[in-house]
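Residues 16 to 444 (my numbering) are what the sequence shown spells out, left to right. Virtual Cβ for every residue (Gly too), placed ideally from N, Cα, C. Note that this is a predicted model, so its numbers are computed, not measured.
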Amino acid sequence: MMKDTELNRRDVLKSAGALGAAGMAGLAGCSGMGGGGGGGGPVEVLHGWTGGDGATAAEALEEAFNEEYPDTELDMNPIGGGGNQNLDAVVANRLQNDNPPSSFANWPGPNLARYEGVLGDISDLWEETGFTDSHVQEAVDLHQYNGAFRAVPLGSHRLNCLFYNTSVVEEAGVDPDSLNSVSALVDALETVASETDKIPMTHGASGTWTTTQLFGVTLLGSAGYDEYMNFVEGNPSEDAVRSAFESLATILENYINDDAASIGLTESNQNIIEGEAAFIHQGNWAAGAYRNAEDFEYGEDWGFKTFPGTEGMYTLHFDSFLYPSNNPSPESTRTWLEFVGGEAAQVAFNQYKGSIPTRTDVDMSEFGPYLQETAEDFADADERPPNIQHGLGITADQRSSLNDVISSEFSGPYNVDAATQGFVDAVSN
């Protein structure tokens, strides 16, 4: 069974046998939109959106493309697995075997380094479509690698989210809006535990990524923006990291569901939908599942609170599509990427995924009140720190190391000292 850490560049080059120079040259192919032997043909797109927050969004994206480009055949291939780990494995094997898909969903920023040498230059597409002017600046900056654009953004997720079931917190007598620190959150979880028979905070930890993600938002909420950025930039404060792990250990030891180790995100989020849990931390894809659930309305049945201690911040994450250079259908793939960065795709996908467009000119009227508020929060944010777990803040190698530490030292029992040292070592310059 594949270990639940994301593939890094070593994985791309080694997991199916190391490539020689000739093989690497074959993968590199052309550096631009050509290559692959013919520009048309079906567009084969790989993605990982199969859960309650993603399947509906992916279907809407596919329908919108087929409506806008009926003469271009689209072959959408969903590959399930939390944190993209199964998708990453398939992509790595395809690249190693010189059989790349037309495009695949993944994350920009430092994450692009894992695909060095196998991504093409689509700077001309960005220029011709005006994407550099129509997308938020962070998207423009983070979709470039080695001086060229390598991917196109589809939407932006927010990571510093705390969702709750309204009836459960009301039964406990907890006011989520009053929670303005990590310690206040811990107190609220204790109140839920003592006043109800519900799960204080539901967690799906069958993969390590959810706990690494929870560490990131706990660090941001307890230590603040500057210390969080010090961690991301390779100068971590051991005291700040230790404090975050201490709070996290308290939560995981006392307030999560008994079956957390055996379930993933989708099942964990169902505890909120079914009224079995008070709180969950996830990116706002959790809200995509709420929108797609029956009779589960924002403000009545569920609510949102900026993760305590991170008020005024928007922890940034992008969903994007990458362009393999040795492309089997370069012209058709160009059509796909132009679509992904356009308004029709960003409306079709994001309203169901629980994310917001990266374009600045999209009418938000179809997105519902929660995502309209999210877009306002993005625009008004004092800071937009990059996430740790999903590609924007640290390299794939570093992220893999963090997940290894969670697996070995912080999946029960919770060894604060070893986890602190492991995290500090993993990111230190």
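What's the gap between the Cα of G132 and the Cα of E77?
Numbered from 1 along the sequence shown, position 117 holds the residue referred to as residue 132. Numbered from 1 along the sequence shown, position 62 holds the residue referred to as residue 77. Between G132 and E77, the C-alpha separation is close to 29 Å.
Sequence-distant residues of its chain with Cβ nearer than 8 Å to A434 (five each side left out):
For the purposes of this step, residue 434 is taken as residue 419 along the sequence shown, with counting starting at 1. Excluding positions up to five away in sequence, the list reads F260, V420, I421, E424 and F425.
Just reading off the beta strand (DSSP E) that T321 is part of, what are its end residues?
Within the sequence shown, numbered from 1, the residue matching residue 321 stands at position 306. W317 to T321 is the extent of the beta strand (DSSP E) around T321.
Mapping DSSP to helix, strand and coil, what is E210?
One-based indexing of the sequence shown puts residue 210 at position 195. Helix, per DSSP.
I295: first and last residue of the uninterrupted beta strand (DSSP E) it sits in
Taking the first residue of the sequence shown as 1, we reach residue 295 at position 280. Residues A292 to H296.
Chain-order list of residues whose beta-carbon lies under 8 Å from that of V60 (same chain, five-residue window excluded):
Counting from 1 along the sequence shown, the entry for residue 60 is found at position 45. Here the set comprises L89, D90, M91, N92, P116, S117, S118, F119, A120, F336 and W351.
Have a look at G53 and N81 and give me their C-alpha separation to the nearest angstrom.
The residue you call residue 53 lines up with position 38 of the sequence shown. The residue you call residue 81 lines up with position 66 of the sequence shown. Reliability of the predicted coordinates at G53 is poor, the pLDDT of 47 falling under 50, and no value is obtained from them.
Coil, strand or helix - L204 by DSSP
Walking along the sequence shown from the start, residue 204 turns up at place 189. Note: L204 maps to helix in three-state DSSP.
Alpha carbon to alpha carbon, how far is G56 from E398? Give it in angstroms, no decimals.
For this step, residue 398 is matched to residue 383 along the sequence shown. For this step, residue 56 is matched to residue 41 along the sequence shown. Those two C-alpha atoms are separated by around 43 Å.
Quick test of your reading: L174 and T330, contact by CB under 8 Å. State the CB separation rounded to the nearest angstrom.
Taking the sequence shown and counting its residues from 1, the one referred to as residue 174 is at position 159. Taking the sequence shown and counting its residues from 1, the one referred to as residue 330 is at position 315. Going by Cβ atoms, the distance from L174 to T330 rounds to 4 Å, so yes, they are a contact pair.
G357 versus G324 - alpha carbon distance:
By 1-based counting over the sequence shown, the position of residue 357 is 342. By 1-based counting over the sequence shown, the position of residue 324 is 309. Taking the straight line joining both Cα atoms gives about 35 Å.
What does DSSP give as the partner residue(s) for Y179 in the beta ladder?
On the sequence shown, position 164 is the one that residue 179 refers to. The partner list for Y179 (beta bridge, DSSP) reads F294 and G318.
Residue interval of the alpha helix (DSSP H) (run including M244):
What you label residue 244 is simply residue 229 of the sequence shown in a count that begins at 1. Its alpha helix (DSSP H) spans residues Y240 to V247.
Alpha carbon to alpha carbon, how far is Q387 from Q2? Give it in angstroms, no decimals.
Outside the displayed span of the chain (16 to 444) sits residue 2, for which this structure offers no information.
Check each candidate in G239, G249, S198 and N286 and name the one with the smallest Cα separation from A264.
For this step, residue 264 is matched to residue 249 along the sequence shown. The candidate whose alpha carbon is nearest that of A264 is S198.
Would you kindly report the start and end of the unbroken beta strand (DSSP E) that includes D90?
The residue labelled residue 90 in the question sits at position 75 within the sequence shown. Unbroken beta strand (DSSP E) run through D90: L89 to P93.
Please state if the CB of C176 and the CB of Q297 are separated by a distance shorter than 8 Å.
Start at 1 with the first residue of the sequence shown, and residue 297 comes out as number 282. Start at 1 with the first residue of the sequence shown, and residue 176 comes out as number 161. Yes; because the gap between Cβ atoms is below 8 Å, this pair is in contact.
Which residue's Cα is closest to the Cα of F246: G63, E353 and Q404?
Working through the sequence shown from its first residue, we reach residue 246 at position 231. Nearest of G63, E353 and Q404 to F246, Cα basis: Q404.
Check for me: the beta strand (DSSP E) holding T334 runs from which residue to which?
Within the sequence shown, residue 334 is the residue found at index 319, counting from 1. The question names Thr, yet the displayed sequence has Asp at residue 334. That run of the beta strand (DSSP E) goes L331 to L337.
I'd like the list of long-range same chain contacts for G95, defined as Cβ closer than 8 Å, with 5 residues on each side in sequence excluded.
The residue labelled residue 95 in the question sits at position 80 within the sequence shown. Here the set comprises G63, T65, G66 and N101.
In terms of residues, what are the limits of the alpha helix (DSSP H) holding S118?
To locate residue 118, count along the sequence shown from 1; it is residue 103. Careful: S118 lies outside any alpha helix (DSSP H), inside the beta strand (DSSP E) at S118 to N121.
Going by the DSSP bridge assignment, what does F393 pair with across the sheet?
For the purposes of this step, residue 393 is taken as the residue at position 378 of the sequence shown. None; F393 has no bridge partner.
The beta strand (DSSP E) that contains L127, what's its start and end?
Here residue 127 refers to the residue found at position 112 when the sequence shown is read from its first residue. Run containing L127: none; DSSP gives neither H nor E here.
Kindly confirm or deny that the stretch 303 to 316 and the stretch 364 to 372 touch, where touching means at least three C-beta pairs closer than 8 Å.
yes
Let me check understanding here. Comparing Cα to Cα, which of S171, T225 and E315 lies closest to E282?
Numbered from 1 along the sequence shown, position 267 holds the residue referred to as residue 282. That would be T225, whose Cα lies nearest to the Cα of E282.
Where V362 sits in the DSSP three-state scheme:
For the purposes of this step, residue 362 is identified with residue 347 of the sequence shown, where counting begins at 1. V362 falls in the helix class under three-state DSSP.
According to DSSP, is A371 part of a helix, a strand, or is it coil?
Counted from its first residue, the sequence shown places residue 371 at position 356. The sequence shown places Ile at residue 371, rather than the Ala named in the question. Reduced to three states, the DSSP call for I371 is strand.
Tell me, to the nearest whole angstrom, how far the beta carbon of V155 is from that of T144; I am working on the premise that it is less than 8 Å.
Here residue 155 corresponds to residue number 140 of the sequence shown, with the count starting at 1. Here residue 144 corresponds to residue number 129 of the sequence shown, with the count starting at 1. That belief does not hold up - the Cβ atoms of V155 and T144 are roughly 12 Å apart, past 8 Å.
Which residue from E83, A75, Y84 and N250 puts its Cα closest to that of I409?
Residue 409 sits at position 394 when you count from the first residue of the sequence shown. Among E83, A75, Y84 and N250, the Cα nearest to that of I409 is on N250.
For F438 and L407, believed in contact at Cβ under 8 Å, the rounded distance:
Position 392 of the sequence shown, counting from 1, holds the residue named residue 407. Position 423 of the sequence shown, counting from 1, holds the residue named residue 438. That pair is no contact at about 18 Å.
Would P123 and F333 be called neighbours here (beta carbons separated by less than 8 Å)?
On the sequence shown, position 108 is the one that residue 123 refers to. On the sequence shown, position 318 is the one that residue 333 refers to. Yes, the pair counts as a contact, with Cβ atoms nearer than the cut-off.
Which word fits G222, buried or exposed, when buried means at least 16 other C-beta atoms lie within 10 angstroms of its C-beta?
Position 207 of the sequence shown, counted from the first residue, corresponds to residue 222. Its Cβ being crowded by 16 or more others within 10 Å, G222 is buried.
In whole angstroms, what is the alpha-carbon distance linking S340 and A166?
By one-based count along the sequence shown, residue 340 stands at place 325. By one-based count along the sequence shown, residue 166 stands at place 151. Cα to Cα, S340 sits roughly 11 Å from A166.
How many whole angstroms separate the CB atoms of E83 and F354, which I take to be in contact at a CB cut-off of 8 Å?
Against the sequence shown, residue 83 aligns to sequence position 68. Against the sequence shown, residue 354 aligns to sequence position 339. The pair is a contact, with the Cβ atoms about 6 Å apart (cut-off 8 Å).
Residues in the same chain with beta-carbon distance under 7 Å from P215, minus the five sequence neighbours each way, listed in chain order, please.
In the sequence shown, the residue the question calls residue 215 occupies position 200. Result list for P215: L204, V207, A208, Y270, A293 and F294, in chain order.
Report back the beta-carbon spacing between M328 and P372 to the nearest angstrom; my notes put them in contact at under 8 Å.
Taking the sequence shown and counting its residues from 1, the one referred to as residue 328 is at position 313. Taking the sequence shown and counting its residues from 1, the one referred to as residue 372 is at position 357. The Cβ separation is near 20 Å, so there is no contact.
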